[in-house]
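Below is one structure, written out as structure tokens, with a few remarks after it.
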Amino acid sequence: MQLSLSGFLYERRYQSCDLDFAEFVDLACRKGFEAVELRRTQIGVDTPLADVATMRRIVDEAGLFVSCMEARGMPGEDPDRTAFFKALIERAAVMGSRLIKFPGMTGADFTWHRWAADLAASHEIALATNNHVGTIFETAEGSLDALRRFGHDNYGVLYDCLHLRFGGSDHVKAIDALAPWIRNVLIHGGRPNDSGDDPPFIETTIDDPRSQNWQAVFSALRRVGYDGLITVIEHTEDGSLRERIVSTYPALLRAWWEQWKNHG
């Protein structure tokens, strides 16, 4: 298991990040994470390459690596789409990112997307789409259908049990079906609001017993042989809750990972 912290925890309304880059990397290092996932509010296709090189040095000097970057905001059509993606790949390669979070596809023509997967593979970068409500990846069945139709070794899924659960799938059984394609496991403690009222999610933490069935999730991941990225992708603008998350999650997740390795 390689534990990563997403900049989403410090993101404010998808527009800015409350920590500067060096502060974020230093915090992740001090709190016991091995990697950082970078958001568009931290690095984007318009970030000068000289600045990207400086960011890479900051990550290296902290002894961390970049687990994932995102293609949020990618245009839907060429030529802008291709220009955007090439610029993103160039920056991901400089950062040493192993993975790019890729928008979910619609329709049946995957020609451009397969080209993108080939380009990423040439830089040893994988593409993957996260399970998310309101997309074809909100259910295990929809995810499997998309992955099979896409049919590329360099394209997978970012497993998210919260969104699978909210979408009506058995989020534990989904692990067996999605196992060959899982490139990252996303961790956030929010749970569906069973009352049916707004908001649809109740903000909580992973040690809340009403959160996801983490014992079953981790046991299933161990059973299928998963031993890759696990990313804390919580989001709150509450400073005390942010501190609790980064201070308690690393030890808790590692303890669970070891405790439940033989429970599959």
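Residue numbers for the sequence shown follow our numbering, beginning at 171 and rising by one. Note that CB positions come from ideal geometry on N, CA and C, so glycine has one too.
Does the separation of the CB atoms of Glu204 and Leu179 fall below 9 Å?
-> no
When Pro273, Ser267, Gly266 and Asp230 are compared against Gly246, the one with the closest alpha-carbon = Pro273
Contacts around Asn383, its chain only, beta-carbon distance under 7 Å, and the 5 residues preceding and following it disregarded | Val342
Would you be able to state if there are at least three C-beta pairs under 8 Å between the region 196-203 and the region 425-432?
-> no
At which residue ranges does the region 267-299 contain complete beta strand (DSSP E) runs of 3 or more residues, listed in the order of the chain?
-> 269-271
Enumerate in chain order the residues of its own chain whose CB-to-CB distance from Ala287 is below 6 Å, with the five nearest sequence positions on each side excluded.
-> Leu297, His322, Asn324 and Tyr325
Using 10 angstroms around the beta-carbon of Asp330, count the other beta-carbons present and answer buried if the total reaches 16, otherwise exposed.
-> buried
Any idea what DSSP makes of Arg392, helix, strand or coil?
-> helix
Return the CA-CA distance between Ala290 and Gly214, expressed in angstroms with no decimal places.
-> 16 Å
For Ser381, is the classification buried or exposed, using 16 other Cβ atoms within 10 angstroms of its Cβ as the cut-off for buried?
-> buried
Is it right to say Ala262 is buried, meaning 16 or more other beta carbons lie within 10 angstroms of its own, or is it exposed?
-> buried
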